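Inspection log for the structure reproduced underneath, given as C-alpha cells.
Numbering (the working numbering), first residue to last: 336 to 644.
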C-alpha cells in the first residue's frame with residue numbers, strides 16, 4: 336500500500352480483500368449442517384468474541400470440534416481460521432454499529448410520533464450547527480465569484496452530495512447563470528479540464544473524502560478556475576479548494592434515522608443561491624420573472640407558489 340494524493344491510500348487489491356463475511360455467513364447458514372449452523376449462530380451472535388477469543392473457546396461455546404471451525408473457513412473460500420477472523424475484524428471496523436444494534440421492538444419509542452420527533456430534532460440540530468460554523472465573509476466571497484463566473488460546474492457523488500449538487504444547479508440556472516452538474520466521477524474530471532480563469536467549480540461532499548470531486552477541483556484550479564468546497568473542515572476536499580463553506584454536523588446513534596447532514600447541505604445550497612442572487616442584483620430579478628412567466632402556460636399562476644413544482 337502506498338500513499339496517494341490528498342492523503343488517500345492507493346491499494347489495487349483493496350476490493351479483493353474486502354469481503355462481506357456477515358452476508359456470507361448468513362448465506363452459508365441456510366445450507367449448512369446442524370453443527371455448522373450452531374457455529375455460525377455463535378459467530379453472528381458475538382462477532383467480536385469470534386474474532387478475538389481462542390478457537391477452543393469458540394468451539395466449546397458452539398458445541399463443535401475445532402476442526403469444524405477450520406472446515407467452515409475453508410468452505411467459505413478462506414485459507415483457514417486466521418483469514419476468517421481477519422475478515423470478521425474488518426467487518427467490525429466497517430459496520431460494527433450495525434452488528435451490535437439491538438433489534439427494533441414494537442414500543443412507543445419506535446412509533447410514528449417518535450420517528451417524526453427524531454427527524455425534526457435532527458434537522459434542527461443540523462441547521463443550528465451549520466449556522467454556527469458558517470462564516471458570512473466566506474459565503475459572500477463564494478457568491479460574488481459565482482455571480483461573475485462565465486460557467487459553473489457543480490460536482491457531488493453519492494446520495495446527499497449528488498442531490499445537493501443537482502439542487503444548486505436548479506437554484507442557479509434561474510438567475511441566468513450557465514451551470515452544469517456532474518455526478519459521474521469521470522465526467523467530473525473531464526468537465527473540470529475544460530474550465531478556465533473566468534469559470535468556477537463547486538464540490539459537495541459530506542465526508543470530504545470524495546476523491547473524484549477533489550480531483551475535479553484540483554484539475555479546474557490548474558487552469559485558473561475558482562474552486563469552492565462545501566464540506567467538513569480539515570478534509571482532503573477542503574484542503575484543495577480556494578474557498579470552503581464549512582459543514583459542521585453530528586450524526587445520532589439511531590441507525591434507522593436518515594442522516595440529518597442533508598439538511599445542512601440544503602441550507603448551504605440555499606445560502607449560496609440567495610447570496611449569489613444578491614450579488615447579481617436587479618438582473619437576477621428579471622430572470623426570475625421570466626422563469627415564472629414561462630410557467631403561466633401550464634396554468635401555474637399563483638404568485639405565492641414556488642417557482643417550479
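Every residue gets a Cβ at the ideal spot worked out from N, C-alpha and C, and that includes glycine.
Model, not experiment: these values are computed from the prediction.
How many Å lie between residue 500 and residue 520 at the Cα?
One-based indexing of the chain shown puts residue 500 at position 165. One-based indexing of the chain shown puts residue 520 at position 185. One C-alpha to the other measures close to 13 Å.
When you compare the CB positions of residue 482 and residue 611, do they come within less than 8 Å of one another, or not?
In the chain shown, the residue the question calls residue 482 occupies position 147. In the chain shown, the residue the question calls residue 611 occupies position 276. It is a contact, given that the beta carbons lie within the stated cut-off.
Are the CB atoms of residue 374 and residue 399 within a distance shorter than 8 Å?
For this step, residue 399 is matched to residue 64 along the chain shown. For this step, residue 374 is matched to residue 39 along the chain shown. Against a cut-off of 8 Å, the Cβ pair of residue 374 and residue 399 comes out as a contact.
Which residue's Cα is closest to the Cα of residue 497: 516, 480, 392?
On the chain shown, residue 497 is found 162 positions in, with the first residue counted as 1. Closest option to residue 497, Cα to Cα, is 516.
Among all the DSSP beta bridges, which residues are the ones paired with residue 539?
The residue given as residue 539 occupies position 204 in the chain shown. Paired residue(s): 491, 565.
Throw me the rounded Cβ distance for the residue 581 and residue 468 pair, which I believe falls under 8 Å.
Counted from its first residue, the chain shown places residue 581 at position 246. Counted from its first residue, the chain shown places residue 468 at position 133. Confirmed, about 4 Å.
Enclosing alpha helix (DSSP H) for residue 407 [first to last residue]:
Counted from its first residue, the chain shown places residue 407 at position 72. Where residue 407 is concerned, the enclosing alpha helix (DSSP H) stretches over 401–410.
Where residue 440 falls: helix, strand or coil (DSSP):
As a first step, residue 440 is located in the chain shown; it is residue number 105 there, counting from the start. Residue confidence for residue 440 is low, a pLDDT of 43 falling below 50, so the modelled location carries little weight; the figure read from the coordinates is stated next. Taken through DSSP and simplified to helix, strand or coil, residue 440 comes out as coil.
Cβ-based neighbour list, residue 405, same chain, cut-off 8 Å, excluding 5 preceding and 5 following:
One-based indexing of the chain shown puts residue 405 at position 70. These residues qualify, in order along the chain: 415, 416.
Residue 514 (DSSP reduced to helix, strand or coil):
Counting from 1 along the chain shown, the entry for residue 514 is found at position 179. Looking at residue 514 - three-state DSSP - the assignment turns out to be strand.
Does the beta-carbon of residue 439 have 16 or more other beta-carbons within 10 angstroms, so that it is buried, or is it exposed?
The residue you call residue 439 lines up with position 104 of the chain shown. Interpretation of residue 439 is limited by its pLDDT of 48, a score under 50 that renders its predicted location unreliable; no figure is taken from the coordinates.
For residue 630, the three-state DSSP class (helix, strand or coil):
The sequence position of residue 630 within the chain shown is 295, counting from 1. Helix at residue 630.
Since residue 578 sits in a beta bridge, which residues does DSSP pair it with?
Translated into the one-based positions of the chain shown, residue 578 becomes position 243. Per DSSP, 563.
Look at the Cβ atom of residue 281, then the Cβ atom of residue 477, and state whether they are nearer than 8 Å.
In this structure the chain extends from 336 to 644, so residue 281 is not present and cannot be described.
Can residue 403 and residue 370 be called in contact, C-beta distance under 8 Å?
Stepping through the chain shown from its first residue, residue 403 is reached at position 68. Stepping through the chain shown from its first residue, residue 370 is reached at position 35. Closer than 8 Å, so yes.
Member of 485, 401, 424, 420 whose CA lies at the smallest distance from the CA of residue 536:
By one-based count along the chain shown, residue 536 stands at place 201. Looking at the Cα atoms, 485 is the closest of the given residues.
Which same chain residues end up closer than 6 Å to residue 597 when comparing Cβ atoms and leaving out the 5 residues on each side of it in sequence?
Against the chain shown, residue 597 aligns to sequence position 262. For residue 597, where only same-chain residues beyond five positions count, the Cβ hits under 6 Å are 495.
Neighbourhood of residue 462 by C-beta distance below 7 Å, restricted to the same chain and skipping five residues each side
In the chain shown, counting from the first residue as 1, residue 462 sits at position 127. Closer than 7 Å at the Cβ level, and outside the excluded window around residue 462, lie 598, 599, 602.
Short Cβ contact (8 Å threshold) for residue 570 with residue 538
Within the chain shown, residue 570 is the residue found at index 235, counting from 1. Within the chain shown, residue 538 is the residue found at index 203, counting from 1. Not in contact: residue 570 and residue 538 (Cβ atoms no closer than 8 Å).
Secondary structure of residue 532, DSSP reduced to three states
By one-based count along the chain shown, residue 532 stands at place 197. Of the three classes helix, strand and coil, the one that applies to residue 532 here is coil, per DSSP.
Contact under 8 Å by Cβ, residue 575 with residue 502:
Numbered from its first residue, the chain shown carries residue 575 at position 240. Numbered from its first residue, the chain shown carries residue 502 at position 167. In this structure, residue 502 does not lie closer than 8 Å to residue 575 by Cβ.
Rounded to whole angstroms, how far is the Cβ of residue 572 from the Cβ of residue 549, which I believe are closer than 8 Å?
The residue you call residue 572 lines up with position 237 of the chain shown. The residue you call residue 549 lines up with position 214 of the chain shown. With 8 Å as the limit, residue 572 and residue 549 qualify as a contact, their Cβ atoms being about 5 Å apart.
Range of the contiguous alpha helix (DSSP H) that encloses residue 610
Locating residue 610 in the chain shown gives position 275, counting from the first residue. That run of the alpha helix (DSSP H) goes 596–615.
Anticipated Cβ contact below 8 Å, residue 619 with residue 510, distance rounded:
Stepping through the chain shown from its first residue, residue 619 is reached at position 284. Stepping through the chain shown from its first residue, residue 510 is reached at position 175. 5 Å between Cβ atoms; contact.
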